[in-house]
Structures are given as C-alpha cells and as structure tokens.
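Step one of this worksheet: look at the structure below.
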Amino acid sequence: MRGPFVVSIERAFRMHHIFCEADLQAFAWRKIKSFLEKHEEATGKFRVLNKPFLRDCRTYPDLVVFRRRVPWVVIELKESRIMREQTAEKELNKLLHAKSVLHPKRGYLVYVARYGRERVISGPKGEGGRYFFEVPIVLEQRIPKAKMKEWTGEFRLWAKYALEKA
Numbered sequence: 000m001r002g003p004f005v006v007s008i009e010r011a012f013r014m015h016h017i018f019c020e021a022d023l024q025a026f027a028w029r030k031i032k033s034f035l036e037k038h039e040e041a042t043g044k045f046r047v048l049n050k051p052f053l054r055d056c057r058t059y060p061d062l063v064v065f066r067r068r069v070p071w072v073v074i075e076l077k078e079s080r081i082m083r084e085q086t087a088e089k090e091l092n093k094l095l096h097a098k099s100v101l102h103p104k105r106g107y108l109v110y111v112a113r114y115g116r117e118r119v120i121s122g123p124k125g126e127g128g129r130y131f132f133e134v135p136i137v138l139e140q141r142i143p144k145a146k147m148k149e150w151t152g153e154f155r156l157w158a159k160y161a162l163e164k165a
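Those letters in the sequence shown? Residues 0 to 165, by my numbering.
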C-alpha cells in the first residue's frame with residue numbers, strides 16, 4: 000500500500016485525474032484489483048468491492064478486499080484540501096469498529112491532501128497498533144512551492160470547469 004500504490008495515486012493527482020473522493024475511490028479500486036489479479040495464487044481468491052454494506056458493522060467502507068468470502072482488508076479513502084485530525088480520528092474509529100466486529104487483517108486510511116502535515120494521527124495507536132495503517136499523500140510535502148502554486152491554478156480550472164467566453 001505504501002510503495003507503487005502511493006506513487007500511482009500521487010501521479011494521477013498531479014496529472015489532474017483525481018479531483019474528488021469518488022475519483023480517488025475509483026482509481027484505488029482499479030489499482031488494487033489489478034494488483035491482486037496479477038499476484039493471487041488461485042483465480043478468484045480475492046474480491047475488491049466498492050462501498051459494500053457490511054451488515055454486522057452497519058457501515059459502508061470505501062473499499063473492502065475479501066479473501067474468499069471473508070473481509071480481509073478494510074480501506075477508508077479521503078480527499079481534501081487539508082486533512083484534519085478530527086476527520087482522521089473519525090475514520091480510525093470506523094476502522095476499529097470494523098476490526099472488533101469482522102476481524103479483518105488490516106485497516107487502512109488512505110488520504111490525499113493538498114496541504115498539511117505528513118501524518119495527522121500522532122502518538123500511539125492503542126488497540127489499532129498492528130491493524131491500523133495511515134497512508135498519507137500530502138502534495139505540499141512532495142511538490143516545490145513554485146510548482147505547487149502552478150498546479151493549484153490548473154487544478155481549479157479543471158475541478159470547476161467552465162467554457163471560456165470569447
């Protein structure tokens with residue numbers, strides 16, 4: 000989740016292919032699905048579902064990877080200008096609730112933010128220590144300031160597109 004996956008999401012965001020959380024969700028679903036298809040031992044062993052309703056948890060996580068018929072990985076995705084600690088804590092609690100009910104192997108909070116700190120959740124993870132993983136992609140940390148200003152201008156043009164008047 001932290002290697003080629005992060006690089007591909009960052010590249011897509013830089014190239015203005017991701018503008019909102021729905022774009023991020025579709026992109027992440029496709030990347031994870033194609034990765035698992037290439038690396039799974041038996042065909043059909045893994046299934047990646049987009050926004051499934053987990054009846055026991057009463058939640059709709061963004062992505063769930065099933066191994067055979069059991070939830071194996073639960074993924075929450077966020078796209079925002081700045082990732083706030085309150086939002087990250089809320090998503091962490093959702094993932095911890097899913098852990099207590101469904102017992103998946105891992106829970107990931109993957110977020111793309113334009114500005115802010117590299118890690119939002121600081122300190123010990125407590126009960127989520129070996130389960131919860133934060134995967135931050137903060138563009139301000141990865142793009143020089145001058146290029147970031149140029150990128151932001153073009154992002155605004157594409158995110159709220161309007162025909163130019165002659």
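Even glycine gets a Cβ: it sits at the ideal position worked out from N, Cα and C.
A quick note: this is a predicted structure, and the numbers were derived from the prediction, not measured.
Is residue j closer than 8 Å to residue i when the C-beta atoms are compared?
i: Val-134; j: Arg-1; result: yes
i: His-15; j: Glu-149; result: no
i: Lys-50; j: Arg-66; result: no
i: Val-72; j: Pro-123; result: no
i: Leu-91; j: Phe-132; result: no
Please go through the same chain and pick out, in chain order, the residues whose beta-carbon is closer than 6 Å to the beta-carbon of residue i, but skip the five residues on each side of it.
i: Arg-80; result: Arg-113
i: Ala-158; result: Phe-18
Could you work out which residue in the options is closest to residue i when comparing CA atoms only?
i: Gln-85; options: Val-69, Val-119, His-96 and Tyr-160; result: Val-119
i: Arg-116; options: Phe-26, Leu-138, Lys-164 and Phe-34; result: Leu-138
i: Gly-125; options: Lys-32, Glu-149 and Leu-95; result: Leu-95
i: Gly-128; options: Lys-98, Ala-11, Arg-13 and Lys-146; result: Lys-98
i: Asp-61; options: Phe-52, Arg-67 and Arg-68; result: Phe-52
i: Leu-23; options: Leu-76, His-102, Ala-161 and Cys-56; result: Leu-76
i: Gly-106; options: Asp-55, Pro-123, Ile-74 and Cys-19; result: Ile-74
i: Arg-54; options: Pro-70, Gly-43 and Thr-42; result: Pro-70
Going by beta carbon distance, what residues of the same chain come within less than 8 Å of residue i, once the five residues before and after it are set aside?
i: Glu-88; result: Ile-120
i: Ile-136; result: Val-5, Ile-8, Glu-9, Phe-12, Val-109, Tyr-110, Val-111 and Ala-112
i: Lys-32; result: Val-47
Give me whichever residues DSSP pairs with residue i in a beta bridge.
i: Met-112; result: According to the sequence displayed, residue 112 carries Ala and not Met. According to DSSP, Ala-112 bridges with Ser-79 and Val-137.
i: Ile-74; result: Leu-62 and Tyr-107
Considering only residues of the same chain and omitting the five flanking positions on each side of residue i, which have a CB-CB separation below 7 Å?
i: Val-100; result: Asp-55 and Cys-56
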